[in-house]
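Heads up, the sequence shown is in the numbering used here, so the first residue is 248 and it goes up one at a time. Beta carbons: idealized from backbone N, C-alpha and C, even for Gly. Notes follow once the structure below has been shown.
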Amino acid sequence: MTIARILTTSMLRDPDAIAIVDGKTRLTYREWHIQVQKLAGGLAALGLKPGEHLVAALSNRIETATLYWACQLLGAIFTPFNWRASGAEIAFVIEDAEAAVVVYEARSANSVLTALTMTHFPMDRVIRVDSESKGLPYSDLLVSSPFNEASPVEDKNICLMLYTSGTTGRPKGVPRSYAAELNASLGCVAQLHYQYGEVTLGVMPLFHTMGIRSLIMSAMLNGKFVCMPAYDTKDALTLIDREKISALFLVPTMFHDIVHHSDFDKFDLKSVINIAYAGMSMTTALVESCAKTFPWAAFSNFYGSSEIYTFAVRNNLANNPGSAGRAGIGQTLRVVRADAEERVDPDEIVPVGETGEIIASMNSLDAFTGYWKRPDANEKAIRNGWYFTGDLGKFDENGEIYVLGRVDDMIISGGENIYAEEVENVLAKSPDVRGVAVIGVEDDRWGERVSAFIEPATDGVSPRKLDAYCLESGLARFKRPRAYAFVKAIPRSASGKLLRRHLRTGDFELLTDYENTI
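So this is what it looks like as C-alpha cells:
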C-alpha cells in the first residue's frame, strides 16, 4: 500500500469532512484530494520523477501539507528542511539530497535564494509559495492536469527524507521507506489511542518526524489538521478553543508554555482529550502540571526518533511520571554499557536498575536502514542489527524504561557519574526557575564541574537560594551545581530539543542583573 492511498481512501470514506484548516482556508477531503492531484500533475510536468527529492523550506501551511501528499502520489521523496536555517545549511541539504525541485516561501526566501546561488541550482526547478521573488508560482501548478493514479512503488522505496536537527554537528539525512512510514503511523494511532475524526493542532514542524506523523495520522482517521505556521502560545490556545482541538502531540516546551500562560483560564480547552509528548524528556513537575490541567485527557509519553519512530510508549503517564514505558509494538530494547569513547557491543547488557545506553533493534517495523550517504554515521550508530540511540537510560523491575539524558551529557565530577537530567529535574521544580539546562564544565580539580544555566522565573533567585533548594530536595551533595549562569533563554532547536553545545561554546545571552558564578 502506498502512503498516497491513505488520503484517497479517507476521501472516499467521508469526502465532505473538513480535512485541513489554514487561517481562513478550509478544505474538505474531496477538495484537498483534487488539489493534491493537480499539484502532483504540475510537479510531474515540471520534471519531478519518482525517486527524486523535492526539498522544501516551508512552515506549517496548507501548501506544505499538499506538497507532502503530492510527492506521495507521484512517488517522489518529500525532503523538508527547517525554514529558519541559514543559506549555507540549506545549500548543504540541496546538494546532499541531490534535489530535483526546491520550494520556498517568503519566510525562508533570503536563505533559500542564497543557497540557490551557492549551489547554482536551476531556477526553472524552483517553486515560490507566497514570495514575489524568483521561481515558478506555486499557484501555477494547481491548474495542471491532475495526476490521478499513484505511481507504483515498492515497500522498501524511500518516500520521505528527514534531516536530524544537528544537535551534534551537521545534519544527517534519514531516509524513510513506505513500509516504515506506514507502520510508524499505524503504530502511533494504536499506541496513542487516536480516534476517528481526531482534530489535531498542526504545530510540530513538518520538517520533523512528529509533524509528519501528525499529518499522516490525521488523514488516516478523517481528522482535521489545523495548521499553525509558527508557534505562539496565545495563538495555540486560541486555535484549540476555536477549532475544538482534540489531540495535542507536542514537545514539553510547548506544554509548559500552555499550562503556565497568564491567559490560560480565558480559553475553553475541554475538547482536548488526548495529550502526548515526544522529542525530549518532560520534568516530573511539568508532568504533574499537565495532569492537573487536563485531568480528563489520556496522557502519554512517546519515546522515539527520526531513525526508528517508536522505541517505547507510556500511557497513563500520571501514574508513573518519569517512565518512558515499555518497548513499542514490534520493538525490542536493551540497555548496554555506556561509553562515549569506546565502541560497545550490543551484548554488553547491564543489570536491571543500572544506567547505560539504550539501544533498539533494527528489525522493528518502523526502522530506517541507514543514514543517507553517511557510512561513518552508520558505523557509529548501527552495530550487529542494533541502533545505538545515544540516550542514557535504565530498566526498572517491571520492565519499564527511563530516559536519563544523553551519553555525551554524562558529567564525571570527582570520579562520580552525574546525569544532567537528574539535576535538571530537581531544579525545574523550583518556583524560581522557568527553564534549566545542566552541563559539565572543565575543572582542574573535579575534572568537570556541574554547571546550571537558569531561565529565572523571579527576580529574587540566586545561586545560594538554588543550592539550598537542591539540598532540601534530597539531591546528593556531589550532584548539586557548583556554578550558575542566569540566561535570557535556554538554546533549543526548532523542535524544542535542548542544544547543550551552544552553552558549551558560550552561545547564550547572560542576564547581568543576576549573580552569575560561571
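{"Asked": "According to the neighbour-count rule (16 or more other Cβ atoms, all chains shown, within 10 Å of its Cβ), is T759 buried or exposed?", "Found": "exposed"}
{"Asked": "What residue range does the alpha helix (DSSP H) around F502 cover?", "Found": "P499 to V506"}
{"Asked": "Using DSSP with H/G/I as helix, E/B as strand and the rest coil, what is R584?", "Found": "coil"}
{"Asked": "Contact between the segment 436–445 and the segment 462–469 is defined here as three or more beta-carbon pairs at a separation below 8 Å; is this criterion met?", "Found": "yes"}
{"Asked": "Does the segment 483–500 come close enough to the segment 517–525 to have 3 or more Cβ pairs within less than 8 Å?", "Found": "yes"}
{"Asked": "Look at V673 and A730 and say whether their C-beta atoms are less than 9 Å apart.", "Found": "no"}
{"Asked": "Looking at C-alpha atoms only, which residue of H367, I737 and I606 is the closest neighbour of F642?", "Found": "I606"}
{"Asked": "Taking the DSSP output, what are the residues bridged to C474?", "Found": "G449"}
{"Asked": "What are the complete alpha helix (DSSP H) segments, minimum 4 residues, inside the segment 695–752?", "Found": "710–720 and 747–751"}
{"Asked": "Could you check if A338 is buried or exposed, using at least 16 other CB atoms within 10 Å of its CB as the buried criterion?", "Found": "buried"}
{"Asked": "Among residues of its own chain, excluding the 5 on either side of G413, which ones have a beta-carbon nearer than 6 Å to its beta-carbon?", "Found": "Only weak support exists for where G413 lies, its pLDDT of 49 falling under 50; the value from the coordinates is given anyway. Taken in chain order, the list of residues that qualify is empty."}
{"Asked": "Identify whether K641 lies in helix, strand or coil by the three-state DSSP scheme.", "Found": "strand"}
{"Asked": "How about the segment 449–459 and the segment 467–479: do they share at least three Cβ pairs that are nearer than 8 Å?", "Found": "yes"}
{"Asked": "Can you give the Cα-Cα distance for H367 and V359, rounded to whole angstroms?", "Found": "12 Å"}
{"Asked": "Would you mind sorting G707 into buried or exposed? The rule is 16 or more other CB atoms within 10 Å of its CB.", "Found": "exposed"}
{"Asked": "Leaving out five residues on either side along the sequence, give the residues of the same chain with a beta carbon under 8 Å from the beta carbon of N664.", "Found": "T602, M657 and I658"}
{"Asked": "Only counting the same chain, and skipping five residues up and downstream in sequence, which positions put a Cβ closer than 6 Å to that of M609?", "Found": "G632 and Y634"}
{"Asked": "Would the segment 399–413 count as touching the segment 421–429 if we require 3 or more Cβ pairs under 8 Å?", "Found": "yes"}
{"Asked": "Does the Cβ of P728 lie closer than 8 Å to at least one heavy atom of the ligand SAM?", "Found": "Summarising the ligand content, the structure contains no ligands, and the ligand SAM is consequently not present."}
{"Asked": "Can you tell me which of the three DSSP states W316 falls into?", "Found": "helix"}
{"Asked": "Which of the three DSSP states is assigned to G682 in this structure?", "Found": "strand"}
{"Asked": "Let me know the secondary structure DSSP gives I463 once reduced to three states.", "Found": "helix"}
{"Asked": "What residue range does the alpha helix (DSSP H) around G288 cover?", "Found": "Y276 to L293"}
{"Asked": "In this structure, how does DSSP classify S608 when only helix, strand and coil are distinguished?", "Found": "strand"}
{"Asked": "Just to confirm my understanding: we take Y716, look at its own chain, exclude 5 residues before and 5 after, and list those with CB closer than 7 Å. What are they?", "Found": "S677"}
{"Asked": "Would you mind giving the Cβ-Cβ distance between A532 and A675, rounded to the nearest angstrom? I have them listed as a contact below 8 Å.", "Found": "5 Å"}
{"Asked": "CB-CB under 7 Å to A264, same chain, minus the five flanking residues each way: which ones, in chain order?", "Found": "T275, Y276 and N469"}
{"Asked": "Flag this pair as yes or no: are the beta carbons of V283 and A323 separated by less than 9 Å?", "Found": "no"}
{"Asked": "What does a CB cutoff of less than 7 Å around S391 pick up in its chain, not counting 5 residues either side in sequence?", "Found": "K285, G288, G289 and A292"}
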